[in-house]
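Student:
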Amino acid sequence: MNAAVEPEITSLNEAVAGTDDEAAGHIDLGVGGMTCASCVSRVERVLKRVPGVIDATVNLAT
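Here is the structure:
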C-alpha cells in the first residue's frame, strides 16, 4: 500500500478541546479507508509520531 496518511487533526489540542483533564487521557478517533494490516500498521506508526501521543492502537474490525 502506497497511500499517504493525511492527518485532519493537526494538534491534540483540537482533539481534546472541551474535555476535562481526566477524560483527556484517552481519545477514540474514527479513521476510514483502512482495508488491511498494512493500513493499521501505518496509521499506528504515524499517530505515535504526533507530539503528546504515548501510544496508538488501531482496531480494523470496528
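With the numbering used here as the guide, the letters of the sequence shown map in order to residues 189 to 250. Glycine included, each C-beta is placed from N, C-alpha and C at the ideal position.
Are LEU235 and VAL241 touching if we call contact CB-CB under 7 angstroms?
Tutor: The residue given as residue 235 occupies position 47 in the sequence shown. The residue given as residue 241 occupies position 53 in the sequence shown. Yes, the Cβ-Cβ distance between LEU235 and VAL241 is below 7 angstroms.
Student: Which residues mark the beginning and the end of the alpha helix (DSSP H) in which VAL234 is found?
Tutor: Residue 234 sits at position 46 when you count from the first residue of the sequence shown. 225-236 is the span of the alpha helix (DSSP H), which, as asked, contains VAL234.
Student: What residues in its chain sit with their C-beta under 6 angstroms from that of THR250, if we drop five residues either side in the sequence?
Tutor: As a working mapping, residue 250 is identified with position 62 in the sequence shown. If we look at THR250 and ignore the five residues flanking it on each side, it has no Cβ neighbours.
Student: If you draw a straight line from the C-alpha of ILE215 to the C-alpha of CYS224, how long is it?
Tutor: Counting from 1 along the sequence shown, the entry for residue 215 is found at position 27. Counting from 1 along the sequence shown, the entry for residue 224 is found at position 36. Cα-Cα distance, rounded: 22 angstroms.
Student: Indicate the three-state DSSP secondary structure (helix, strand or coil) for ALA211 in the structure shown.
Tutor: Walking along the sequence shown from the start, residue 211 turns up at place 23. The predicted model places ALA211 with a pLDDT of 48, which falls under 50 and marks its position as unreliable; any figure quoted below should be read in that light. Reduced to three states, the DSSP call for ALA211 is helix.
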